[in-house]
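The structure appears right after this line, and notes come after that.
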Amino acid sequence: MIQTFTPKSLRSATLSFFFFHLFFLSGFSQTNLLNPPGTNYLETGGVVLDNYGPADISNCTSLIFTFDWAFSQAWSGGADMESADECGACAGDPGDPAAPDCNNCWDFLQIEYLVDGAVVATQLIGGAGTTDADQTGSFRHVECVDPASNANASIRVQSQTWDNGESVTYSNISIVCYEGAPRATANPDPLCSTEVLSLDGDVDDFGVLDRVRWSGPGTIDDPSQIRTTATGMPPPSATYTFTVTDLNGCSASTDVTVSVNSVDANPPSSALIVCIDQAAGDSEVLNEDEIRDQITGGDPNLTVNFWFDAAATDPLDPNDPNDVRRLAITMQTVVFATVNDGTCESATVAVFIDAQENPEPQNETLTACRDETGSA
């Protein structure tokens, strides 16, 4: 059993995220898809064929195939296993094991690892050049697979031995699955382009992961975390890709797409005129309607909201004497505005302030503040 551990790139995850997954990390390990018993073949007198599987690999990012063998006798000398080059003109082709000079002579073992029926790795023992070192051995192979397209894996073994007590033993037959097939969700969906999008990645076994990566439009807060956020998504939709790389260096990706709504505020070409009466301690906004029309582009379906700050956390009401007085006292030279279409709030635009002295403010009756003589 392969011991699981927290992936290197995930060790910087937040404490809450660590505790959220603590149970799962301690409870999972790589999965052995095959666990057949070993077998022994003695003097088969021809080819024997064994197929192990197929096993479902739709949740795997990589596989480790293993197969161990042991022949009863060595390969060198006379009364022992006979390789192809010890059998006259035998070609040593497992596809034609009864070819001239092979029949009743050639001993061999062929191991084939398959994904979706196609051979991805093979080993032949008993071909020309086989030595005593091959009497026993292990064939291990790592294969990257795509959980989105690969369906199954299997092991195919054929062997033959002839006489003199010749036998071959199979053991440790396995296909180990690294269950790193990625899944991804994004919320909310739909959302406004000014909102924060939560990106959540998931796999069945976090212990098989070496690293993860999010990619997509806008700004992703920390692309190397399983759970992160994104901002600044462009309308009308945004697609994010969640890629995992397992401990065998094999990667797989999945996409998630959200619908993005947007509404834009127009930066006004005119300044917001604030008439200040220092003596009376009173002030008024002169051209609010004009500024609203510039910000909405004349669209009556849009609502304008004013703010003291660019983050749109401190609302400003131009019709509230206290808010206008605050502008006069602080001598703030710029405020901010957004528009709302009933679904989304836009990003803020700057609205410059033109503060003018006015001893006799008259609400929305003039196009400029009165001067000291009372003339506008």
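Under the numbering used here, the first residue of the sequence shown carries the number -9, and numbering increases by one thereafter. From the three backbone atoms N, C-alpha and C, an ideal C-beta is built for every residue, glycine too.
P137 and S48 closer than 8 Å at C-beta: yes
Alpha-carbon spacing of P180 relative to V135, whole angstroms: Cα to Cα, P180 sits roughly 33 Å from V135.
Cutoff 8 Å; reference V193; Cβ partners in own chain excluding five residues on either side: Closer than 8 Å at the Cβ level, and outside the excluded window around V193, lie E169, G170, A171, P172, R173, L199, V234.
Assumed close pair S144, L99 - CB separation to whole angstroms, cut-off 8 Å: The Cβ separation is near 17 Å, so there is no contact.
Residue(s) in a DSSP beta bridge with R146: By DSSP's assignment, R146 forms a beta bridge with N41, E102.
Strand pairing of P305, partner residues [DSSP]: BP columns for P305 point to W297.
Inter-stretch contact (C-beta, 8 Å, three-pair minimum) for the stretch 275 to 287 and the stretch 80 to 89: no
Bounding residues of the beta strand (DSSP E) (the contiguous stretch that carries A79): Element bounds for A79: n/a, residue is neither H nor E.
C167 vs L32 beta-carbon contact at 8 Å: no
Helix, strand or coil at D194 [DSSP, three-state]: D194 falls in the coil class under three-state DSSP.
Span of the beta strand (DSSP E), counted from its first residue to its last, around L53: 52 to 61
Minimum C-alpha distance to G127 - residue among D236, V339, N162, R316: Of the listed residues, the one whose Cα sits closest to G127 is N162.
Cutoff 8 Å: F232 Cβ touching any chain D Cβ: No chain D is present in this structure, which holds just one protein chain.
Sequence-distant residues of the same chain with beta carbon closer than 7 Å to G206, five excluded per side: A220, A228, T229, Y230, T231
Segment contact flag, the stretch 293 to 307 with the stretch 245 to 254, C-beta cutoff 8 Å, min 3 pairs: no
Residue from A118, T121, L114, P258 with nearest C-alpha to F129: L114
Distance between beta carbons of S52 and G236, contact taken as under 8 Å: Contrary to the premise, residue 236 reads as Asp rather than Gly in this sequence. That belief holds up - the Cβ atoms of D236 and S52 are roughly 5 Å apart, short of 8 Å.
DSSP-derived helix/strand/coil call for Q284: helix
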